[in-house]
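Following: one structure in structure tokens, then a few remarks.
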Amino acid sequence: MNKKTLLLGEDENSIDTAAKILRNGGLCAIPTETVYGLAANALDGKAINSIFTAKGRPRDNPLIVHISDIDSLEQLVLSIPEKAKKLAEKFWPGPLTMIMPKSDVIPEEVSAGLDTVAIRFPSHETARRIISCAGVPLAAPSANLSGSPSPTTVKHVIDDMYGKIDAIVDGGVCKVGVESTVITLATDVPRLLRPGGITVEMIENVIGKIDVDHAVTEMMNEGERAASPGMKYKHYSPEANVIIVDSKDYISFVNSKKADGVFALCFEEDSNSLSVPFITFGGENDPNAQAAELFAALRELDEKNAKTVYARCPQKDGVSLAVYNRLLRAAGFEVIKP
Ligand code: TXA
Ligand code: MG
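Residue numbers (my numbering): 8 to 345.
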């Protein structure tokens, strides 16, 4: 808590100020369509280092590089695979991150020693204006303290980062609400490493069959090398102990657990039938709303001092796969089927 953190808006002056901070090696939280990012100049190893310090992020977890025009891609990667070109054409700008073999301009600090780099072209207009005005690609992890839920509102960013970084740009509430889909094109068959708003089904419609890394829905084995280092860390965790309840009898099960500090994390339709306090995350048949509301709901549970949280189990396909993947990590993979 020693830096003076500027709070900026989306006006021309604010964008100029944010861009200047970034060009000069500073740290600035910026809105994107997925979650808020903690940005720094991706070509400046020293600036990148300070991202890891501010977040308390393990140094072996590489960062995503954000661009605001497709032409910037060429200098960042060794070559652009055909399938990457097709996906870019269809889904960029938007919530899709593609991993490709990296070029020499990517500092060690960004790729965390790997020979690949993750690239994303966000659709959020303010993010694009900031990147383009800064004139450099921006490395940006989610703007939360490492281990806690990703920020989807400027308040979440202020709670985690105020006093630690140079500026925060308020761009309102993030629409998608879960981080971008991450796919690697550096393997023979493209492989999904993190599900998000661009679904497996949408990707396969464009480039055919892809693999889904087992770590998307399963705990990694001890000693296993992570295809995506971020997947091995406990994530998105509120203080409370979260347990996923995979059962049609969710309501009666949770009602039977009524006690001090017990909360339900449920769909809107459930709320009338519950006799324990609850926080909702979207409607049962509205995966986009579930994704948009999940992280805020996890933070709210902490504010209410929840001790044990019984969470409704989402579907496991489409956008719901992303919701399930985040919830699994918040729960430390604890799923019960009563
Ligand atoms: O939506 C998003 O992607 C947000 C916004 C700010 O753009 N960013 C974000 O970054 O979620 P972060 O750092 O929280 O998550 C990046 C994930 C991590 O799991 C990391 O391990 C993985 O992407 N990753 C980055 N570079 C990689 C690489 N070269 N190979 C494998 N995984 C990589
Ligand atoms: Mg993150």
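Ideal placement from N, C-alpha and C gives every residue a C-beta, glycine not left out. Remember, predicted model here, so these are calculated numbers, not experimental data.
Distance between residue j and residue i (C-alpha atoms, nearest Å)
i             : j                 : result
serine 57     : isoleucine 74     : 20 Å
glycine 154   : serine 263        : 31 Å
glutamine 82  : lysine 323        : 37 Å
valine 223    : lysine 162        : 29 Å
glycine 290   : aspartate 111     : 46 Å
serine 259    : phenylalanine 302 : 25 Å
lysine 311    : asparagine 295    : 25 Å
glutamate 307 : leucine 85        : 43 Å
threonine 133 : threonine 123     : 27 Å
aspartate 166 : threonine 160     : 10 Å
alanine 247   : leucine 305       : 9 Å
lysine 239    : cysteine 320      : 21 Å
leucine 4     : glutamate 115     : With the chain covering only 8 through 345, there is no way to say anything about residue 4.
Rounded distance between the beta-carbons of residue j and residue i, thought under 8 Å
i              : j             : result
valine 269     : alanine 338   : That belief does not hold up - the Cβ atoms of valine 269 and alanine 338 are roughly 15 Å apart, past 8 Å.
isoleucine 137 : leucine 192   : In fact, because the Cβ distance is near 26 Å, the residues do not count as touching under 8 Å.
alanine 266    : tyrosine 317  : Going by Cβ atoms, the distance from alanine 266 to tyrosine 317 rounds to 11 Å, so no, they are not a contact pair.
glycine 170    : asparagine 9  : 6 Å
proline 202    : asparagine 20 : Rounded, the Cβ-Cβ distance is 38 Å, inconsistent with contact.
alanine 146    : alanine 49    : 4 Å
alanine 26     : isoleucine 37 : Not quite, the Cβ-Cβ distance comes to about 10 Å (not below 8 Å), so this is no contact.
leucine 328    : valine 207    : 7 Å
isoleucine 210 : proline 102   : Not quite, the Cβ-Cβ distance comes to about 12 Å (not below 8 Å), so this is no contact.
Three-way DSSP call (helix, strand, coil) for residue i in this model
i              : result
tyrosine 317   : strand
valine 213     : helix
aspartate 218  : strand
lysine 27      : helix
histidine 73   : strand
tyrosine 105   : Residue 105 is actually methionine in this sequence, not tyrosine. The answer is strand: DSSP assigns methionine 105 an E or B state.
threonine 133  : helix
isoleucine 138 : helix
threonine 159  : coil
glycine 44     : strand
leucine 301    : helix
isoleucine 113 : coil
isoleucine 172 : coil
Residues of its chain near residue i, where Cβ-Cβ distance is below 8 Å and the 5 sequence neighbours each way are ignored
i          : result
glycine 16 : Val176 and Asp177
7 Å Cβ shell around residue i - same chain, five flanking residues per side excluded
i                 : result
serine 79         : Pro144
phenylalanine 340 : Met226
proline 236       : Asp67, Asn68, Pro69 and Ala119
Neighbourhood of residue i by C-beta distance below 6 Å, restricted to the same chain and skipping five residues each side
i              : result
asparagine 356 : Only positions 8 to 345 of the chain appear in this structure, which leaves residue 356 out of reach.
glutamate 275  : Thr287 and Gly290
alanine 54     : Gly32, Ala47 and Asn48
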